[in-house]
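Engineer: The structure follows.
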Amino acid sequence: MDLDAHLSEIQSGDADAFGRWVAGAEPALRASLRSFAARVDTEAVLQEALLRVWQVAPKVIPDGRPNSLLRLALRVAKNRALSELRRARVVGVDDEKFARLVEEESEAIATPPPDPMLRRAFEDCRSALPPQPSNVLAARLESSGESDETLAMMLGMRANTFLQNFTRARKLLLDCLQKKGITLGEAT
Amino acid sequence: MTPQTPEQRNELVLSVTSAHRDRDAHGEIRAHRAWHDLDEAGRIEAHDETRKLRALESVASADGLTSTARAVLSRIKRAP
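Chains as they are written, first to last, in my numbering: chain A, 1 to 188; chain B, 189 to 268.
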């Protein structure tokens, strides 16, 4: 799957096309940051990297190989993580070791859209949740980066009640999917 | 780092899985405040848990977008 199919629209400033690109690129980008997860907040790094990719995308010239923008994004994300490490002056960090990680290009494998069978199994499991955990799960899954405090307020809950319901929803959902033979990370 | 019960630690991990991130005075995205209260193992657990949750978000959404993607797109679309 070559996500460069979206490149010309992205380069013309189409944010929705960038969204379609992100949908296929995000899993590989997040996975590429795992080596840094103990020392930097990978969610913050990933969001900064995606914003940077949007800014530099108009200058990207495809090199004839698939996923040129994803390969660039992998480098941007790792450089951003490295920069965070240096900024935090983390004790014991071997900068050369992390620099080598930047050099090693992660696999630029785009993720295809979710399998309809997986979507159906997810909806079956989700519809079996009790009301409160179901509402909390929906709020989190459909959020656009609002804080848990904001989502809790929208549902008329205290923040810790929100997190308790989220914990319960997550466990029930993952158990239900597992009973259907689906383990996240294998199927997705 | 304050000693944590398993429940408190679990709440910190799940807090970090949110796509919400504050910004500093220069507009740069900051680490989640709960992330600072986790030890290294907890931070790796939060990363792995986020990966699973984003997979669920992608399945739940008709366009395959996660909360991370929506947060970034929202910022892009708000930019002048």
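Idealized CB from N, CA, C, for every residue including glycine. Note that the structure is a prediction, hence the values are computed from the model and not measured.
Between which two residues does the alpha helix (DSSP H) containing residue 131 (chain A) stretch?
Structural biologist: Run containing residue 131 (chain A): 131-141, per the alpha helix (DSSP H) assignment.
Engineer: Is residue 193 (chain B) close to chain A, meaning its C-beta is less than 8 Å from at least one C-beta of that chain?
Structural biologist: no
Engineer: Taking Cβ-Cβ distances below 9 Å as the criterion, which residues of the region 57-79 of chain A are in contact with chain B?
Structural biologist: none
Engineer: How would you call residue 56 (chain A), buried or exposed, if buried means at least 16 neighbouring beta carbons within 10 angstroms?
Structural biologist: exposed
Engineer: Consult DSSP for residue 211 (chain B) and reduce its assignment to one of helix, strand or coil.
Structural biologist: strand
Engineer: Going by beta carbon distance, what residues of the same chain come within less than 6 Å of residue 204 (chain B), once the five residues before and after it are set aside?
Structural biologist: Closer than 6 Å at Cβ, skipping near neighbours: 220, 222, 223 and 234.
Engineer: Is there a C-beta anywhere in chain B that falls below 8 Å from the one on residue 178 (chain A)?
Structural biologist: Among the CB atoms of chain B, none fall inside 8 Å of the CB of residue 178 (chain A).
Engineer: If you draw a straight line from the C-alpha of residue 145 (chain A) to the C-alpha of residue 209 (chain B), how long is it?
Structural biologist: Cα to Cα, residue 145 (chain A) sits roughly 7 Å from residue 209 (chain B).
Engineer: Could one say the Cβ of residue 212 (chain B) lies closer than 8 Å to chain A's Cβ atoms, at least one of them?
Structural biologist: no
Engineer: Does the beta carbon of residue 47 (chain A) sit closer than 8 Å to a beta carbon anywhere in chain B?
Structural biologist: At least one CB of chain B lies nearer than 8 Å to the CB of residue 47 (chain A).
Engineer: To the nearest angstrom, how far is it from the Cα of residue 171 (chain A) to the Cα of residue 60 (chain A)?
Structural biologist: 42 Å
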